[in-house]
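For the sequence shown, full-length UniProt numbering gives the first residue as 1, with consecutive numbering after it.
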Amino acid sequence: MDGFGAPLLLKALQPELFSNVTFDLTTCSAGKLDQKLEHFFRQPDIQKYSDIYIMDMTPDNDYSFQQLEQHFANHWLIFDHHESEEELRKQYASNCILPSNPAINPSAVSLVWDWVSKQVNFANVSTARQQELQTIVELIRAYDTWDWQNDPNMCTAERKAADELNQLFWFYPLSQSESFVSTVYQMGWEQYRNQNTLLINTLNGRRQRYLDKHLKNVIEFSIDDHSFGVVYASDFKSEIAHALLQQHDVDAALVIDAHSVSLRSNGKLDVAEFATKYFNGGGHADSAGGTLPINPIETAEKKVVEAVKEQAQINAETQKQENNEVGNFADSIDEETAAKLATLFKSKH
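Next up, the structure:
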């Protein structure tokens, strides 16, 4: 949600701050940014773009930064908060937005908010509208940084709202994510929530059932003097990871799906570093992600096929053995007894 919330915040403020600007929003999955930029820089009409803003991601390759400088000198910015790329951003500090308040864990959307708040035309945004947007920004930031669970000073109502907004975001398919976030920005959280109370209550019940079912299948292991809990889940990954850490005495939770892994820590392990080392990923010390070297669903399907074939072989061998035993029994009967048995069975027909 943070990845969509950041650029769409600019679009929400377009009438007041960017009236003469046309936005071209391009989404990008984790680990694909440098590849996406490489393709972008090769476009013959790249000169039609005046500025480029990268949000919730940082290029991994210094060459990408060099290309940004070459094509968009003084007209590119990065709004990212992931610690695994922090050192690289420091080399281009003038183009990387930092939080206004270092004491607050930033997210991409909060970094965008800090930046737009300093723009001259921000005064054109009414006070009521500022408060409305800031509420949404804070809910997205609180959930993305997991402060909605870890910040002891956050009120219950704000925790609940951050959770509900995130649940609604993941309820809709990815193709509707932009529309959903834009609508929430347009309506404001309170109005949107009031119109979707029944859906929120339904999602709460569905999630609890999902968590209870999947947390029955946790596998624990240890490596590098740290303990881990692993569970498969395609939905509610953050919630499952958090519950896993509460229910199992492990240092980190790994929630896997068909292609990726989400990692959460209780502070005993830097999962961003672990994700970089083992899963070609990154993130924060307590929250990170990466890609899996295998597809666990495909692997499981192959295991099922192997098991079926193995059982078929066992069944064939058992049948063969039974047939041999019947044949051996028939061979052991003398001709007179065999004739009597044949007559007996014939008379019964």
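C-beta: ideal position from N, C-alpha, C; glycine also.
Query, Result
"Cα separation between I256 and Y185?", "31 Å"
"Do G31 and N280 have their CB atoms nearer than 8 Å?", "yes"
"If I measure Cβ to Cβ from L13 and keep anything under 7 Å in the same chain, skipping five residues before and after, which residues do I get?", "V116, V125"
"Could you check the C-alpha separation between Q43 and W76 for me, to the nearest Å?", "17 Å"
"Which residues in the same chain have their Cβ closer than 6 Å to the Cβ of I52, if we skip the five residues on either side of it in sequence?", "F72, W76"
"Are the CB atoms of W189 and T135 nearer to each other than 8 Å?", "yes"
"Around the C-beta of N166, are 16 or more other C-beta atoms found within 10 angstroms, so that it is buried, or is it exposed?", "buried"
"Which one of L111, N204, N217 has the shortest CA to CA distance from V137?", "L111"
"For R207, which of S234, D224, M187 has the nearest alpha-carbon?", "S234"
"Which whole runs of the beta strand (DSSP E) in the region 137 to 169 are 3 residues long or more, in chain order?", "none"
"Per DSSP, which residues does L263 bridge with? Please list them.", "L254, A288"
"Would you say D334 reaches chain C, if we count a Cβ-Cβ gap shorter than 8 Å as a contact?", "You won't find chain C in this structure, because it holds only one protein chain."
"According to DSSP, is M187 helix, strand or coil?", "helix"
"Any idea which residues DSSP pairs residue 373 with across the strands?", "Residue 373 is absent from the model: the chain starts at 1 and stops at 349."
"Which class does residue 399 belong to by DSSP, given the choice of helix, strand or coil?", "Summary: the structure shown does not reach residue 399, with the chain confined to residues 1 through 349, and so no result is reported for it."
"DSSP three-state call for V218: helix, strand or coil?", "coil"
"Using three-state DSSP, classify D71 as helix, strand or coil.", "Here residue 71 turns out to be His, not Asp, going by the sequence shown. Note: H71 maps to helix in three-state DSSP."
"Could you give the residue range of the beta strand (DSSP E) that holds I52?", "52 to 55"
"Output the distance between the C-alpha atoms of S84 and W113, rounded to the nearest integer angstrom.", "22 Å"
"Classify F65 as buried or exposed, calling it buried when 16 or more other Cβ atoms lie within 10 Å of its own Cβ.", "buried"
"Flag this pair as yes or no: are the beta carbons of S238 and S262 separated by less than 8 Å?", "yes"
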